[in-house]
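Here's the structure, in structure tokens; my notes come after.
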Amino acid sequence: MIEVLLALAIFLTALVAIARLVDMGADLELEARHQSRGTRLAQAKLAEVECGAIPLESSSGTFDGDDANWSWTLTVQNYDIPNLYLVSVSVSREVKGQTVTITLSQLMLDPSVWGTAGEATRPDPASGSSMGGGS
């Protein structure tokens, strides 16, 4: 009888430890998911600034749709070279009483100097120039 009680106590102790490990694993998976999503959102916001869709000035806001819980802050600092800026994007979200924050920074030329993606035109195929080298 004592052996059975001892085995049961060992089993229950192991079961509690395993349950705690599963809980820790789930928390770490959720944290990794938020880090990954926040990084993608910050990269997308930097791309919007780089292509000229968002003005190159400090601002903030929230994302739309499924990402409405995420907010962003854009910080633009002058750099030593004309028309070159240090652009930082921070995205953050509140999760279980803690704030998840991801910040990405990039040196960027002013898109208004180089033109925006919306101003780009397609080359005229009738002009005869080719990009592939041709014969």
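Reading the sequence shown from the start, the letters are residues 1 to 135 in the UniProt record's numbering.
Don't be surprised by glycine CBs; every beta carbon is placed ideally from N, CA and C.
Nothing here was measured: the structure is a model prediction, and the numbers come from that model.
- Item | Residues near Ser58 by beta carbon distance below 7 Å, same chain, minus five either side | Leu74, Thr75 and Val76
- Message: Which residue wins for smallest C-alpha separation from Tyr85, given the options Ile54, Leu5, Ser105 and Gln35?
- Response: Ser105
- Which residues in the same chain have their Cβ closer than 6 Å to the Cβ of Gln43, if we skip the five residues on either side of it in sequence? none
- Task: With DSSP as the reference, label Thr99 as helix, strand or coil.
- Result: strand
- Buried or exposed: where does Arg40 fall if 16 or more other Cβ atoms within 10 Å of its Cβ makes it buried? exposed
- Query: Which residue spans inside the region 19-97 form an unbroken beta strand (DSSP E) run of at least 3?
  - Reply: 59-62, 71-78 and 84-95
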